[in-house]
Every structure is written in structure tokens, then in C-alpha cells.
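These notes are about the structure you will find just below.
Protein chains in written order, with the working numbering: chain B, 1 to 135; chain Y, 1001 to 1135.
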């Protein structure tokens, strides 16, 4: 089973986002374990992580199909994702990341990125299993 | 004030998405009027719309800043966005669109696209007004 850490800062304030994250965590149960590391020093923590994937607008982008392949073939089953705050990630964190991934050329709220990340991880697993979730 | 139609099919089922859409519609109040056209024949309706923007993975992509400029300078204040179902949009609809816009190389659920669209339209207005919402 995948074990994924998500490192970021700031509590989820909106009720809708709490419900949405719960929904995708429920869907991921038994497939992927999600551990939230919500800490103002999340960047320092990130620097100590081994398989660090940084979410940043200047990163590489993938289709959901390629993301699924990459997740299973290259990234491995123990991963830490780091999501920057309003000012983005430090160059030190970006340098220490194994991969820098851009979700979209659009800017999303840092909180909405959490939801898009979970949905894409769930989608990646469903694509790999050939389920009907992905089209 | 902007007047925007969103043409698509399928009721919003998830509570979290209902709450999220309400939140962004509330934020858009007085800035943009959103009219939902949820109809199984949404593609036929779309063909009759003048300023049609089709959301499709094979479209052009924009940063949020360029989207804001494009919205104000080129697209105009009366717009219809069309979001395809599970099988995507017909070639007829894609051909009749003024612009084909891709939110991301990733695939999102057709329902989540509604939320991302509203958030980006709200962000585009805030960028134009120089507010603190965008970074």
C-alpha cells in the first residue's frame, strides 16, 4: 500500500473543503495512507524527506494517465508531497525535491491544491486498476 | 457586470461541491452573474450561443494572469462556457466555440471543473482589481 505524507501549512478553514478531503481520503482507504503534516515549519521538515515531490507552478506537468504511470513506475510507494504557502516554496526545498510537479498553468488556492492532489492520486490508482472512474 | 452562462449536464450530487459552488457564487455577487444551464441537451443549446468558450483537454492553456487579461480584453462581458460530460464535447460544439480552453493537462471530474471554472473567474476579476486574493 502507498504511504503518502502531505507537508503544508494552515488549517483547512472551509467546511466544503473539509468534506471534500474526507470524501477522497475515504475513497483512498486501503489503497493509500495519507498523513497530513500541517506545520509552520513544513519546509524544514520537507528538507529531511527522502522521496520529496514539490508542487510548484514552474514544475513539470503530466496528463493523469502519465501521472499514473509515473507514480507506479518511478516515484515509488513512500512519498512526501510539499505544497507551498502564499509565497511559494523556497529554492532550497525545490532543489531538494526529487520531482517538481505543476498541476496546471493556472494558480489555485493553496488549500484547493490539497483536494486536487488527493483526487489525482485517487485517479492515478483507478487508472492503474483499469476502473471506470477515469472516463 | 459580467453575465456568464455555464452549460453542462448532471446535477451536483456531492454536498461539498454544492457548498463550494455556493461560496464562489456568493463571492462573485455584484461582479459576475452566473446562470447555470443544466440540461441533457446542453450541446444543442451551446451551438446557438454567441460567445462560446468550450472547456476541453485539447484547448489552449493560460496562466491565471493571462486568463484575467484575456477575459477583460478579448472575451467580453457576455460569455457561455460549455463543459462536456464523460465522453467530452462533440466536434460540432468544439468547432462552433470562439475559444477552446484547457484548465490543465490533468483530467478532473466534470463536476470539479465547475468549481475550478468559478474560482478562476473570481480570481481573474480579483487580479484585474489588484486585490490581495491572488497571492
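Note that CB positions come from ideal geometry on N, CA and C, so glycine has one too.
Closer than 8 angstroms to the CB of residue 1060 of chain Y there is not a single CB belonging to chain B. For the stretch 1105 to 1130 of chain Y, the continuous alpha helix (DSSP H) assignments of 4+ residues that do not extend past its boundaries occur at 1110 to 1129, in sequence order.
Here DSSP, grouped into helix, strand and coil, assigns residue 20 of chain B to helix. Contact of residue 1114 of chain Y with chain B by beta-carbon distance below 9 angstroms is absent, the smallest such distance being about 13 angstroms. For residue 12 of chain B, the three-state secondary structure derived from DSSP is coil. In chain order, 1031 and 1032 place their CB closer than 7 angstroms to the CB of residue 1125 of chain Y, counting only its own chain and leaving out the 5 sequence neighbours on each side. Rounded to the nearest angstrom, the gap between the Cα atoms of residue 1079 of chain Y and residue 1103 of chain Y is 17 angstroms.
Residue 134 of chain B belongs to the set of residues whose beta carbon lies under 8 angstroms from a beta carbon in chain Y. Taken through DSSP and simplified to helix, strand or coil, residue 1079 of chain Y comes out as strand.
Here residue 1082 of chain Y is near residue 1052 of chain Y, since their CB atoms are less than 8 angstroms apart.
The C-beta distance from residue 28 of chain B to residue 115 of chain B rounds to 12 angstroms, too long to fall under 8 angstroms, and the pair is not in contact.
By the C-beta density criterion, residue 41 of chain B is exposed, having fewer than 16 other C-beta atoms within 10 angstroms. As the crow flies, the alpha-carbon of residue 57 of chain B is around 6 angstroms from that of residue 105 of chain B. Bridge partners of residue 1029 of chain Y according to DSSP: none are assigned. The C-alpha of residue 1038 of chain Y is placed about 15 angstroms away from the C-alpha of residue 1049 of chain Y.
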